[in-house]
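My numbering runs 935 ahead of the 1-based position in the sequence shown.
Presented below is the structure to which this report refers.
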Amino acid sequence: MHLSGKTVALCVTGSIAAYKAVEVARLLKKAGARVLPVMTASAAKFVGDVTFSGITGERVASDMWDPSWKGEMHIELAQAADVIAIVPATADTLARLAQGRADDLTTALVLSARGPVLCAPAMHPRMWEHPATQANVLTLLQQGRVELFGPVMGEVASGERGVGRMAEPEDIVVRLARAVGPGDLRGRHVVVSAGPTHEAWDPVRFLGNRSSGKMGHLVAARAFIRGAKVTLVSGPVALPAPSGVHRISVESAREMQIELLRALGDDLLSADALVMAAAVADYRPQITHHEKIKTSRATSLDPSGANVSDTIPSTALPMVLLAENPDILAGIGEARARGKGTRPVLVGFALETGNDETIVEYARKKRAEKRVDFVVANHANESIGKDETRVWLVSEETVDAFPVMDKARVADLILDELVRRLG
Ligand code: CTP
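Written out as structure tokens, the structure is:
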């Protein structure tokens, strides 16, 4: 997550959403961060400070005038924090931040921040919509020193719906990871494809493959944390969209091609890179039936229970004639070569069977044929559905072999190489 070893000053202000800050603290600790809890007096009306000290293992700072604290509390905390998070941030907190007040620990800490500050506002929708709050938000955005994340549409404490609900703890933690991450993809647009494609035969049946979409989703998630704007075009998968990533769901190879070309733009220059992790079906049924194809077995059931399909004349069995799908990556590689450009950086995958030498050889061939910058090669039986895999990064010049590692690590390796090529 890039949070390991980082210090987060977590300022909790007085909203009912303060209970969710407990979960933020827990997730940050789980990700390896040090969390320094700060609470306003009104936050303490909603959650006890023992909860935060228990979860973080740190003393809760709240009173700037605490005589037992040696030194300047706000400056020491600002010095220690890689990032300051205000979770939740009330309407009053936003107003005070916009004015540059410094009469409590949270506001004084924000004024002395040496790194990024992330606010997760939470309030009743009418408070959020109020022109005074909106003016404060505008002031904060214009000053450019505080990032606002949320509020989001949803149910608030009163049971009403509207924009005012605090963003979810998991999403806040991803934003914090991005805030302290390497930022080496900041300003870049990375397009990723993931998952299988399903090629419809009739309304209930399809041709597909076993891809889980895990690798592509991890590449997308990590690219976002490293600062990129990410578009993920995914075939049917059972995974949630990674936080911060714009996911477009498709079914077939041809739908995937349309969405990828839309994301890359007519001249392919709307993106800096394409990571083609999808397991695109090479073939589709020539005809997609609009009605469910009925099996002939129902009418020719053999009372003895024998395998009736052996007894049905082959002419009575349904036939699936196949048509070839477009090779999406090869088409994009060709278009880039035609334009004599080097952008977007193109990354292909090669999921193969066979021994190590054959796998690398196939990957080399695919890289050249599809005219891509590099190919991530791996073994089908070492990768499909697994959390770990062993890969080779195969480029024109080099073949780098890596040991078995977590797919999240592999995603970072791929992005490291991307960053290197983007310069
Ligand atoms: N790919 C694609 N369009 C296709 C097939 C594959 O864009 N119709 C992309 C994949 O997303 C992957 C790369 O091409 O990045 C290699 O895919 P793979 O299925 O391993 O190879 P194929 O080219 O389909 O060749 P084969 O199935 O014979 O191994």
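Where is the CB? At the ideal position from N, CA and C, for every residue including glycine.
query, result
"Burial state of Thr948 (16 or more Cβ within 10 Å)", "buried"
"Whole-angstrom C-beta distance between Val1052 and Arg1096, which should lie under 8 Å", "Not quite, the Cβ-Cβ distance comes to about 29 Å (not below 8 Å), so this is no contact."
"Ordered list of alpha helix (DSSP H) runs contained in the stretch 963-1049, each at least 4 residues", "978-981, 984-991, 1008-1015, 1026-1034, 1040-1046"
"Cβ-heavy atom distance, Met1211 to the ligand CTP, below 7 Å", "yes"
"Cβ shell of Arg1145 (< 6 Å), same chain only, five flanking positions each side left out", "Ile1319"
"Enclosing beta strand (DSSP E) for Phe1284 [first to last residue]", "1280-1287"
"Beta-carbon gap between Val1098 and Val1109 smaller than 8 Å", "no"
"Of the residues Leu1199, Ala1212, Gly1089, the one placed nearest Gly1170, counting alpha carbons only", "Ala1212"
"DSSP-derived helix/strand/coil call for Phe1159", "helix"
"Residue closest to Ser1147, alpha-carbon to alpha-carbon, out of Ala952, Asp1106, Arg1306, Ala1315", "Ala1315"
"Delimiting residues of the alpha helix (DSSP H) encompassing Gly1268", "1263-1273"
"Closest Cα partner of Met1191 within the set Phe1141, Ala1092, Ser1128, Gly967", "Ser1128"
"Alpha helix (DSSP H) segment containing Leu1257, residue limits", "Taken as a continuous stretch (DSSP letters only), Leu1257 belongs to no alpha helix (DSSP H), being part of the beta strand (DSSP E) at 1257-1259."
"Burial state of Ile1228, where buried means 16 or more other Cβ atoms lie within 10 Å", "exposed"
"Lys955 versus Asp1106, His937, Leu1029, residue with shortest Cα-Cα distance", "Asp1106"
"Pick from Asp1341, Met1340, Val1326 that is closest to Val1334, judged by C-alpha positions", "Val1326"
"Heavy atom of the ligand CTP within 7 Å of Ile1263 beta-carbon", "yes"
"Own chain partners of Ala1233 with C-beta closer than 7 Å, once the 5 adjacent residues on each side are dropped", "Only weak support exists for where Ala1233 lies, its pLDDT of 49 falling under 50; the coordinates are left without a value."
"Gly949 in three-state terms, based on DSSP", "coil"
"Any non-hydrogen atom of the ligand CTP closer than 7 Å to Val1301 Cβ", "The question names Val, yet the displayed sequence has Lys at residue 1301. Correct: Lys1301 has its Cβ closer than 7 Å to the ligand CTP."
"Length of the line joining the Cα atoms of Ser1003 and His1009", "14 Å"
"Any non-hydrogen atom of the ligand CTP within 7 Å of Asp1308 CB", "no"
"Beta-ladder partner(s) of Asn1313, from DSSP", "Leu1286, Val1326"
"Contacts around Asn1071, its chain only, beta-carbon distance under 7 Å, and the 5 residues preceding and following it disregarded", "Leu1029, Ala1030, Ala1033"
"C-alpha distance - Ala1093 paired with Glu1103, whole-angstrom precision", "The question names Ala, but residue 1093 is Ser in the sequence shown. Going by the C-alpha atoms only, they are around 18 Å apart."
"Outcome for His1225 when other beta-carbon atoms lying within 10 angstroms are tallied against a minimum of 16", "exposed"
"Proximity test, Leu1286 beta-carbon vs the ligand CTP heavy atom, cut-off 7 Å", "yes"
"Length-filtered (4 minimum) alpha helix (DSSP H) runs lying within the stretch 1135-1183", "1149-1160"
"Any non-hydrogen atom of the ligand CTP within 7 Å of Lys1149 CB", "no"
"Straight-line Cα distance separating Val1310 from Leu1236", "Unreliable placement is indicated for Leu1236, whose pLDDT of 49 sits below 50; no coordinate value is reported for it."
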